[in-house]
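Chemist:
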Amino acid sequence: MTGRLAAAGCAVLLAACGDTAPRIDAKDAKQVAAGEALYARHCASCHGAKLEGQPDWRRRLPNGRLPAPPHDASGHTWHHPDAVLFGITKKGLVPPYAPPGYASDMPAFANVLSDGDIHAVLAYIQSRWPKPVIEARAEMRRQQAR
Numbered sequence: 036m037t038g039r040l041a042a043a044g045c046a047v048l049l050a051a052c053g054d055t056a057p058r059i060d061a062k063d064a065k066q067v068a069a070g071e072a073l074y075a076r077h078c079a080s081c082h083g084a085k086l087e088g089q090p091d092w093r094r095r096l097p098n099g100r101l102p103a104p105p106h107d108a109s110g111h112t113w114h115h116p117d118a119v120l121f122g123i124t125k126k127g128l129v130p131p132y133a134p135p136g137y138a139s140d141m142p143a144f145a146n147v148l149s150d151g152d153i154h155a156v157l158a159y160i161q162s163r164w165p166k167p168v169i170e171a172r173a174e175m176r177r178q179q180a181r
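Position in the sequence shown (from 1) plus 35 gives the number in this note's numbering.
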């Protein structure tokens, strides 16, 4: 009986520690609106007000770093799974999201934005992608799941 009670107690504790943060939902108008405001405040200065990225974003700057990429359909953001986009936003371009020692101007937002805020920003970005990008991304996810 004691073993069952201990197991039940552990299950309750684990459930209480579960992730209750909102998920990325590009169809949730409230989350998208919050994300749009956060994006304008924290992201647009580098990634562009219209998600267009910095000019020549594929060409290294004199300091060896790459400019901020676009988050619209012309960039590669949509190729990455949500977990990777979340991790890069929260922790910056560090392993496992970049090779060890990779130099980037992408800051970590862990001490600036909550997990829910990051989800909202990503929901806003995803809400701006056209239907063909959404479909291609869904197909990529299906292929990865196999």
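For each residue, glycine too, the CB sits at the ideal point set by N, CA and C. Being a predicted model, the structure only gives us computed values, none of them experimental.
Would Arg172 and Trp92 qualify as a contact pair, given that the criterion is a beta-carbon distance under 8 Å?
Modeler: No.
Chemist: In three-state terms, what does DSSP make of Ile160?
Modeler: Three-state DSSP puts Ile160 in a helix.
Chemist: I need the DSSP call for Pro134, collapsed to helix, strand or coil.
Modeler: Correct three-state label for Pro134: coil.
Chemist: Would Ala75 and Val67 be called neighbours here (beta carbons separated by less than 8 Å)?
Modeler: It is not a contact, given that the beta carbons lie outside the stated cut-off.
Chemist: Could you check which residue in Pro102, His106 and Pro167 has the C-alpha nearest to that of Gln89?
Modeler: For the residues Pro102, His106 and Pro167, the minimum Cα distance to Gln89 belongs to Pro102.
Chemist: Quick one: Cα of Lys166 to Cα of Ala108, how far?
Modeler: Those two C-alpha atoms are separated by around 10 Å.
Chemist: Just to confirm, are Ile153 and Lys125 a CB contact at a threshold of 8 Å?
Modeler: For Ile153 and Lys125, yes; Cβs fall inside 8 Å.
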